[in-house]
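Take a look at the structure set out below.
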Ligand code: 3HC
């Protein structure tokens, strides 16, 4: 039977998770926003509140709507609170053992007819689903950064998925005002399969030393017409995420051009992961004003 999705939970309140919470709550859903400790749940609340306050400051959201949106969200560190969720969206770090631990715990908590979704950008949805008690109710729901702004949602169906569940999640994304695309489980799904080789190529070009960061970014922005240059976009997405997707795609194709560039690997080792750590290809520390590092 097609699931009815009203009450939603989002697990993991980093940049993506907090953005996804905002999307659901703004659309009128009751949302459980969950992270691993009260401090992390509080940090997530800070991300969502800051984003809503910015929208109020720009005159895009009324104070009443801001308060109503926040009122629909329960921030918690207790997975046990999710017993009545119709849909759980997992947005925890991209490590299979962490995903498995979350989904295994959910098996004992949520209703057997609840839909379980993963926001993974790189891991095998089939492997995640196969480790659960109800793989037919597991799908990918892949949002794009920043989730409150970008319309694309990839709905990933595995060979184990119930087609009615896939359709329900696609319809839900439409009701959120998003543009869903349904795609089978493959390395990079669709959008990253297009984007990551471009980003990786840009890093490899920069690595040659023949072009400056700003010129390279301007070529992507002004010349190709994308909203951000490729190195700026890497910093937004997170260099660790770019590297993980590169590696998954390389595993699938074994094409040398899909391997992650050395500079990317080095910056990840150095924990220069982009905006989230204050430095990536550019420096985002307050005094540097998001300029060249
Ligand atoms: N949360 C909420 N709203 C945000 C936001 C955020 N984090 N960042 C920007 N916005 C809003 C701003 O408030 C502004 O709204 P307004 O026009 O109504 O005032 C609007 O977005 C535009 O923002 P800015 O004026 O500050 O700056 P830009 O015009 O440069 O837009 C951008 C910023 C939306 C990030 C735009 O540059 C962009 O779309 N960049 C490309 C992002 C992209 O390609 N993302 C996909 C990455 S791949 C991915 O996520 C998949 C993963 O698996 C790797």
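In our numbering, the protein residues as written are 452 to 744. Think of the CB as a built atom: it goes at the ideal place given N, C-alpha and C, for glycine as much as any other residue. Model, not experiment: these values are computed from the prediction.
- In this chain, the beta strand (DSSP E) harbouring residue 630 covers 630-635.
- About 15 Å separates the Cβ atoms of residue 482 and residue 517, ruling out a contact at the 8 Å cut-off.
- Per DSSP, the continuous alpha helix (DSSP H) segment holding residue 472 begins and ends at 466-477.
- Taking every protein chain shown into account, the CB of residue 608 has 16 or more other CB atoms within 10 angstroms, so this residue is buried.
- Secondary structure of residue 608 (DSSP, three-state): strand.
- Spanning the alpha carbons of residue 503 and residue 465 requires a straight line of approximately 16 Å.
- Of the candidates 715, 700 and 716, the residue whose Cα lies closest to the Cα of residue 709 is 700.
- A direct Cα-Cα distance of roughly 21 Å separates residue 472 from residue 573.
- When the Cα atoms are used, residue 714 and residue 585 turn out to be separated by approximately 41 Å.
- With respect to the 8 Å criterion, residue 486 and residue 495 are classified as neighbours on the basis of their beta carbons.
- Following the DSSP letters along the chain, one finds residue 594 inside the beta strand (DSSP E) bounded by residues 589-594.
- Leaving aside the five residues that flank residue 597 on each side, the residues in its chain whose CB is nearer than 7 Å to its CB run, in chain order, 470.
- Remark: three or more beta-carbon pairs, one from each stretch, lie closer than 8 Å, so the stretch 682-702 and the stretch 627-646 are flagged as touching.
- The three-state reading of DSSP puts residue 524 in strand, counting E and B together.
- Residue 725 has 730 as its beta-bridge partners, per DSSP.
- Residue nearest to residue 677 within the set 649, 610 and 663 is 649 (criterion: CA-CA distance).
- Residue environment: residue 460 is assigned as buried (16 or more neighbouring CB atoms within 10 Å of its CB, all protein chains considered).
- Per the coordinates, the alpha-carbon of residue 542 lies some 12 Å from the alpha-carbon of residue 595.
- Straight-line spacing of the CA atoms in residue 600 and residue 467 works out to 12 Å.
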